[in-house]
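*Asks:* Let me begin by handing over the structure; questions about it come next.
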Amino acid sequence: MNLYYMTSNTATKDTSEKVNRLITLFSKIFIALIIFSSFTSNIILFYNSAKTLHRLWPCSASNIVSRFDKRIECIKKHLPGTGLVGYVSNRAPMEFALTAYILSPLFLGVKKYDRPPHFVEDRSKDYDFIIENSINHKDIIFKNRAQYVKLVDCANGVRLYQNRKMKK
Amino acid sequence: MIFGLLAPTLIAIICALLLLSLLAPAQAKDSFPIMLRVFISMGMGLGISSCLLFLCLVFSPLSKNTLVISELSLIATLIICLYLKLRACPGKMIDLRAARLPTKRRADLFISVSFFITLTLSLMAFILLVGTNPHGEWDAIAIWNLKARFIFRSGINWEMVFSNHIAHPDYPLLIPLSIVRLWTYVGKETAIVPPLISGLFVFGTVGLLVTGITIAKGRRQEYLGGMVLLAIPFFFKLGTFLYADVPYAFYLLATIILLHIYGRPAGKESSFLIMAGITASLAAWTKNEELLFMVAIIVVFLITRVLWRKPVAKEITLFMLGSLPVTSVIIYFKMAFAVENDLISGVNPGHILARLTDLSRYMTILDFFVKRIIDFGDWNILPLVLFVYLIFMVFFMPRDNYTEAVFPALTVIVMAAGYFFVYVAFSPYDLLWHLNTSLERLIIQLTPIILFTYFLIIPNTSKFLAAKK
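Each protein sequence line maps, in turn, to chains A and X.
Counting in my numbering, the final residue of the first sequence is number 188, and the numbers go up one at a time with none missing.
Counting in my numbering, the final residue of the second sequence is number 570, and the numbers go up one at a time with none missing.
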């Protein structure tokens, strides 16, 4: 039997009123808690977003893509517009995605990049160019490939190697 | 620039609005009000226009002229069809007015104001977040926006986007092509476009939930539903940073609402099944694995109709008929371009059997699920509040509430079972890693439907407050 639809035929008026009062109270608490948690959640979200406000100006130089674009700026003009180049890195996997995003429609050749280890060069292929993206400018992680010569060193860990065969 | 972006966005929405008006029963102003049509059109318009752009790309190189001509032709065709429909039924004008809603009480006003304050805060947070990070996060940069850039920058070689050197080359193209479409209209790549699309889906989903609950339950309840959804930071961030899970959630919710309208005594119009078929197929055009949703809907149709001893063939046929145009595009896309899916490539019956009989996989998934559901998405106290209120109200709920909620609840259960099966039988990855990177997002996909179901089940709180007086 549904208490909500309880009428005077099935229960005393007092009991019905008590039940209704209890439901009303519970409903009010329910609504208040939803409003409270929604407010707090959105205020926290807004506060956290506002903390990044200083990065809005100038917008073009502040976001992660623009910052990474600057990092690899010096190799961009040496690369072809399309085709496939190798990529080797010991940095975060996200930087593979960023490199591919910035250089598109140039493909980056990798074995795997989404989980450690982040050493991603696909050695089964012979590329015209290989991009090295290492943690710092001293850390040279690309080696053992005699046919490649260093073309550009951006002095921030980013280097571009070119295949000798192609250079000829 | 702003006009250049708004005009094509409006064209897409108007196109979907015309289609919905063409399909909607002539006297459906109460069961299918204009606000619901507008919110559905926000996603449907983007979906249809991306399908159209895909077909344009297949037959000719990417060009603004081709795009404009094809879209205007579609709008002209829809207007002619709508005119013919109106002429055929002169007495049944399609009423575009909103359904008349009950007068607001003070308490309703308080909840409405609270909702709009929350919405404003969300909107400001959205602007700040996309302002500092307009390209989105991992999925947006590694998949969706990357594909959009490839297609836009490659010109006639756009098919290169299906190369194995891009993550998930088999994923459908609704989001990338929606971005490419707006870039084509503007004539250049602009970072505003991905946030514009993410905003349409995030706030469109909130609007859809609010209007869906309004139709089902009336005032007060709907704004509570919207506030709960806006209080889930993970939903908001996923949507803002253009993860496809929120657009997908949008299409799931639209389908469930349309099927709910169909299921109501006043809405027994086959056209709602066709509309639901369209939105469900657009979900499949958004993400790869989401063909599961189509199967889930058909399974739920079969279960509910067998239980209630009603014929099912007609309903499934109409639903499939609605999904046919977009499904045909997806099938062509899969056959002509897409490479194998990473979950099913290399899988054979032996692998599946071995995984299915490995009990440790079941335990890992259940253990992970229980742990994550507790601290999922920084929900704060909301799950507890919703759960306690539901338990308390179980004794006071009319039976109709349960009946109305059967279809969406079963859909969620079948979908969850489907995801579970995929994890157990198909996942070729390290299971913990796979769960860690995907489970929360799968829950977010189902969250709007879960909330819709929840607010269908609980009685309308305004009735209690009114009863006191």
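Don't be surprised by glycine CBs; every beta carbon is placed ideally from N, CA and C.
Predicted model, so just to flag it, every value in this text is computed and none were measured.
State the Cα-Cα distance for the pair X/L118 and A/K170, rounded to the nearest angstrom.
*Replies:* 58 Å
*Asks:* DSSP three-state call for X/R198: helix, strand or coil?
*Replies:* Note that X/R198 scores a pLDDT of 42, beneath 50, so its modelled location is shaky; the value from the coordinates is reported in the next line. X/R198: coil per DSSP, three-state reduction.
*Asks:* Mapping the DSSP letters down to three states, classify A/G106 as helix, strand or coil.
*Replies:* strand
*Asks:* For X/R188, which of helix, strand or coil comes out of DSSP?
*Replies:* helix
*Asks:* Quick check: the Cα distance between X/S424 and X/F488, rounded to an integer number of angstroms?
*Replies:* 35 Å
*Asks:* Going by beta-carbon coordinates alone, are X/W245 and X/A345 separated by less than 8 Å?
*Replies:* Contact annotation: X/W245 and X/A345 have beta-carbon atoms nearer than 8 Å.
*Asks:* The stretch 220-243 of chain X: which residues have C-beta closer than 7 Å to a C-beta of chain A, in chain order?
*Replies:* L222, S223, M225, A226, L229, L230, G232, T233, N234, P235, H236, W239, I242, A243
*Asks:* List the residues of chain A that X/P334 touches, going by C-beta distances under 8 Å, in chain order.
*Replies:* S61, I64, L65
*Asks:* Going along chain X, which residues have a C-beta under 9 Å from A/N83?
*Replies:* Within 9 Å Cβ-Cβ: G232, T233, N234, P235, H236, A292.
*Asks:* Does the stretch 63-74 of chain A come close enough to the stretch 87-97 of chain A to have 3 or more Cβ pairs within less than 8 Å?
*Replies:* In short, these stretches do not touch, since the Cβ pair count stays below three.
*Asks:* Compute the distance between the beta-carbons of X/F336 and X/I545, then report whether it is under 8 Å.
*Replies:* yes
*Asks:* Name, going along the chain, the residues of the stretch 109-127 of chain A whose beta-carbon falls closer than 7 Å to a beta-carbon of chain D.
*Replies:* Within the model displayed, chain D is absent; protein chains A and X are what it includes.
*Asks:* Listed in chain order, which residues of the stretch 482-496 of chain X have Cβ atoms closer than 7 Å to some Cβ of chain A?
*Replies:* I482, L483, V486, Y490, F493, F496
*Asks:* Taking the beta carbon of X/L279 as the centre, do at least 16 other beta carbons fall within 10 Å, making it buried, or is it exposed?
*Replies:* It should be noted that the sequence gives Ser, not Leu, for residue 279 of chain X. X/S279 is buried by the Cβ-count criterion.
*Asks:* Would A/Y147 and A/N110 qualify as a contact pair, given that the criterion is a beta-carbon distance under 8 Å?
*Replies:* Between A/Y147 and A/N110, the C-beta spacing is not below 8 Å.
*Asks:* Could you round the C-beta distance between X/E323 and X/V311 to whole angstroms and report it? I think they count as a contact, below 8 Å.
*Replies:* 5 Å
*Asks:* Select from the stretch 263-289 of chain X all residues with a C-beta closer than 7 Å to any C-beta belonging to chain A, and list them in chain order.
*Replies:* Only those residues of the stretch 263-289 of chain X whose C-beta falls short of 7 Å from the nearest C-beta of chain A are listed: S264, H266.
*Asks:* By DSSP, does A/Y67 sit in helix, in strand, or in coil?
*Replies:* helix
*Asks:* Work out the CA separation of A/T102 and X/P162 for me, nearest whole Å.
*Replies:* 18 Å
*Asks:* How many angstroms separate the CA atom of X/L325 from the CA atom of X/R207?
*Replies:* Taking the straight line joining both Cα atoms gives about 15 Å.
*Asks:* Would you report the Cα separation of X/T387 and X/L121, rounded to the nearest angstrom?
*Replies:* 20 Å
*Asks:* At 7 Å on the CB atoms, spell out the chain X contacts of A/T72, in chain order.
*Replies:* L229, T233
*Asks:* In the DSSP assignment, find the unbroken beta strand (DSSP E) run with A/V172 in it and report its ends.
*Replies:* Counting along the chain, the beta strand (DSSP E) containing A/V172 begins and ends at 168-173.
*Asks:* Could you name the residues of chain X that A/S69 contacts, counting a contact when the two beta carbons are closer than 7 Å?
*Replies:* A226, L229, L230
*Asks:* Using a C-beta to C-beta distance shorter than 8 Å, which residues of chain A count as neighbours of X/R250?
*Replies:* Y121, S124, P125
*Asks:* Report all residues from its chain with a CB closer than 7 Å to the CB of A/C174; omit the five preceding and five following residues, and keep chain order.
*Replies:* C94, I95
*Asks:* Let me see if you follow: with CB-CB separation under 8 Å, is X/N246 close to chain A or not?
*Replies:* yes
*Asks:* Leaving out five residues before and five after X/A268 in sequence, what residues of the same chain have Cβ atoms less than 6 Å from its Cβ?
*Replies:* A243, I244
*Asks:* Can you give me the C-alpha to C-alpha distance between A/G129 and A/Y181, rounded to a whole angstrom?
*Replies:* 14 Å
*Asks:* State yes or no: is the C-beta of X/T291 within less than 8 Å of the C-beta of A/N83?
*Replies:* No, they are not a contact pair.
*Asks:* My understanding is that X/V486 touches A/S57, with C-beta atoms under 8 Å, so please give their C-beta distance in whole angstroms.
*Replies:* 7 Å
*Asks:* Going straight from the alpha carbon of X/G378 to that of A/L123, what length do you get?
*Replies:* 39 Å
*Asks:* Could you check if X/H452 is buried or exposed, using at least 16 other CB atoms within 10 Å of its CB as the buried criterion?
*Replies:* exposed
*Asks:* Could you check what DSSP says for X/Y272 in three-state terms: helix, strand or coil?
*Replies:* It is coil, neither helix nor strand.
*Asks:* Below 7 Å between beta carbons is the criterion; list the residues of the stretch 302-331 of chain X that meet it against any residue of chain A, in chain order.
*Replies:* L325, M328, V329, L331
*Asks:* Grouping DSSP H, G and I as helix and E and B as strand, with all else coil, what is X/L309?
*Replies:* helix
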